[in-house]
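**Q** This is the structure I want to talk about, given as structure tokens.
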Amino acid sequence: MLEKLAFGDLLATIVYSMLGIVLALLSYRIFNFSVPFDLTKELEDDQNVALGIVCGAMMLGVAIIIAAAISS
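Numbered by the numbering used here, the letters in the sequence shown go through residues 2 to 73 in order.
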């Protein structure tokens with residue numbers, strides 16, 4: 002009985018983790034679409050540190066929202 006509970010919990014953790022990753026990537030794509038410039042070019046080629054901080058803060062905020070929504 003303990004093995005079945007542990008497997009169910011493990012499966013739920015994997016599913017929720019994948020859902021969180023997909024939603025975080027989707028939010029990055031939406032953010033990339035909403036700005037008038039290419040985020041990848043600005044971050045990788047031009048090495049725009051300020052934009053990197055903004056993207057990191059946006060991803061952190063989205064991750065907190067997703068974690069709160071999934072855990073409730």
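Don't be surprised by glycine CBs; every beta carbon is placed ideally from N, CA and C.
#1: Under 8 Å between the Cβ atoms of G53 and L44?
#2: Drop a sphere of 10 angstroms on the beta-carbon of V63, count the other beta-carbons inside from all chains shown, and report buried for 16 or more, exposed for fewer.
#3: F38 by DSSP, collapsed to three states: which one?
#4: Leaving out five residues before and five after V55 in sequence, what residues of the same chain have Cβ atoms less than 7 Å from its Cβ?
**A** Per the coordinate set shown:
#1: Start at 1 with the first residue of the sequence shown, and residue 53 comes out as number 52. Start at 1 with the first residue of the sequence shown, and residue 44 comes out as number 43. With respect to the 8 Å criterion, G53 and L44 are classified as neighbours on the basis of their beta carbons.
#2: Sequence index remark: in the sequence shown, residue 63 carries index 62 (1-based). With a 10 Å radius around the Cβ and a threshold of 16 neighbouring Cβ atoms, V63 comes out buried.
#3: Position 37 of the sequence shown, counting from 1, holds the residue named residue 38. In the structure shown, F38 falls within a coil segment according to DSSP collapsed to helix, strand and coil.
#4: As a position in the sequence shown, residue 55 is number 54, starting the count at 1. If we look at V55 and ignore the five residues flanking it on each side, it has no Cβ neighbours.
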